[in-house]
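Residue numbers (our numbering): 10 to 231.
Step one of this worksheet: look at the structure below.
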């Protein structure tokens, strides 16, 4: 099953500078070359991208797809990764660093099979929603999500949204369900909180989660 890598990085300068953009572009080039040499089967649909958070220009998100956490760890242990990460750190506030995988999903799609569906990497705005759930209510959340997802998909369409469980826990006794999807605009994404047709969706989710957090991003052109 695939996993989606999420790396949340905060720039030391407070924004995405040309130098940071160039460092990210170089990092992706090096990683692409390493994958071509060591993991050629994953070259298609790698989901590699860099995003900047709407409303917080210092916050960035780096993404990629891997066949497994173990496969990703091969890259992490490589000398090439050590070299490019050292270069990236020159531009970052490393006291604000979050890194995790989402299980069973390749969330950052570049193409979609469904007719008319807009893949995440071709969306003007990308949302990352995180729902924290007590471990004992994980199955209940999955049931609720399945029940209300039809209304949710109807609201977000034609943009594709996919979700999965975070592998590395942030705190004991809690799980996180992470949903990634595109939006036509930040205004449309924010309208989800007040849309009448999603009243039942919001109430059902609120009843089962400990907290919910949604961040919006736009792609950094490298």
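Beta carbons are placed, not taken as given, at the ideal position from N, Cα and C, and that holds for glycine.
| query | Which ranges would you report for the beta strand (DSSP E) in the stretch 47-79 if only whole runs of at least 3 residues count? | reply | Secondary structure remark: continuous beta strand (DSSP E) runs of at least 3 residues inside the stretch 47-79, in chain order: 58-62, 68-75.
| Under 9 Å between the Cβ atoms of residue 63 and residue 70? | Within the chain shown, numbered from 1, the residue matching residue 63 stands at position 54. Within the chain shown, numbered from 1, the residue matching residue 70 stands at position 61. The answer is no: Cβ separation not under 9 Å.
| task | With a threshold of 16 other CB atoms inside 10 Å of the CB of residue 220, please say whether the residue is buried or exposed. | result | Here the question's residue 220 lines up with position 211 in the chain shown. With fewer than 16 Cβ atoms within 10 Å of its Cβ, residue 220 is classed as exposed.
| query | Going by Cα to Cα distance, which pick from 182, 140, 212 is closest to residue 160? | reply | By 1-based counting over the chain shown, the position of residue 160 is 151. If we check each option's Cα against that of residue 160, 212 comes out closest.
| query | Along the chain, where does the alpha helix (DSSP H) that runs through residue 138 open and close? | reply | By one-based count along the chain shown, residue 138 stands at place 129. First-last for residue 138: 134-143, but that is the beta strand (DSSP E), not the alpha helix (DSSP H).
| query | What are the boundary residues of the beta strand (DSSP E) that residue 224 is part of? | reply | As a working note, residue 224 is residue 215 in the chain shown. Taken as a continuous stretch (DSSP letters only), the beta strand (DSSP E) holding residue 224 covers 220-228.
| For residue 210, does the count of other Cβ atoms within 10 angstroms reach 16, so buried, or fall short, so exposed? | One-based indexing of the chain shown puts residue 210 at position 201. Answer is buried; the Cβ neighbour count reaches 16.
| request: Please report the residue range of the beta strand (DSSP E) in which residue 185 lies. | output: Position 176 of the chain shown holds residue 185. Segment 183-192, the beta strand (DSSP E) holding residue 185.
| Bridge partners of residue 168, per DSSP? | Within the chain shown, numbered from 1, the residue matching residue 168 stands at position 159. Residue 168 is bridged to 127.
| Nearest to residue 167 by alpha carbon, out of 174, 180, 182, 197? | For this step, residue 167 is matched to residue 158 along the chain shown. Nearest Cα to residue 167 within the set 174, 180, 182, 197: 197.
| query | Mapping DSSP to helix, strand and coil, what is residue 173? | reply | Counted from its first residue, the chain shown places residue 173 at position 164. Looking at residue 173 - three-state DSSP - the assignment turns out to be strand.
| query | What are the partner residues of residue 179, as DSSP defines its beta bridges? | reply | Here residue 179 refers to the residue found at position 170 when the chain shown is read from its first residue. Paired residues: none, contrary to the question.
| said: Suppose the cutoff is 7 Å on Cβ atoms and the five residues either side in sequence are ignored; what does the same chain contact list for residue 149 look like? | reply: Within the chain shown, the letter at position 140 stands for residue 149. For residue 149, where only same-chain residues beyond five positions count, the Cβ hits under 7 Å are 217.
| request: Might you give, ordered along the chain, the residues of its own chain that have their beta carbon closer than 6 Å to the beta carbon of residue 37, omitting 5 neighbours on each side? | output: Here residue 37 is taken as the residue at index 28 of the chain shown, counted from 1. Residues 57 of the same chain have their beta carbon placed closer than 6 Å to that of residue 37, with the five preceding and five following residues left out of the count.
| query | CB-CB under 7 Å to residue 80, same chain, minus the five flanking residues each way: which ones, in chain order? | reply | If you number the chain shown from 1, residue 80 lands on position 71. The answer, listed in chain order, is 48.
| query | If you pair each beta-carbon of the stretch 139-159 with each one of the stretch 94-103, do three or more pairs fall below 8 Å? | reply | no
| task | Please report how far the alpha carbon of residue 189 lies from the alpha carbon of residue 88, in whole angstroms. | result | As a working note, residue 189 is residue 180 in the chain shown. As a working note, residue 88 is residue 79 in the chain shown. Cα-Cα distance, rounded: 31 Å.
| query | What's the C-alpha gap between residue 152 and residue 91? | reply | For the purposes of this step, residue 152 is taken as the residue at position 143 of the chain shown. For the purposes of this step, residue 91 is taken as the residue at position 82 of the chain shown. Roughly 42 Å separates the two Cα atoms.
| said: On the criterion of 16 or more Cβ atoms from any shown chain inside 10 Å, does residue 200 qualify as buried, or is it exposed? | reply: Against the chain shown, residue 200 aligns to sequence position 191. Classification of residue 200: exposed, given that the 10 Å Cβ count is below 16.
| field | Residue range of the unbroken beta strand (DSSP E) whose run includes residue 17 | value | Within the chain shown, residue 17 is the residue found at index 8, counting from 1. Residues 12-20.
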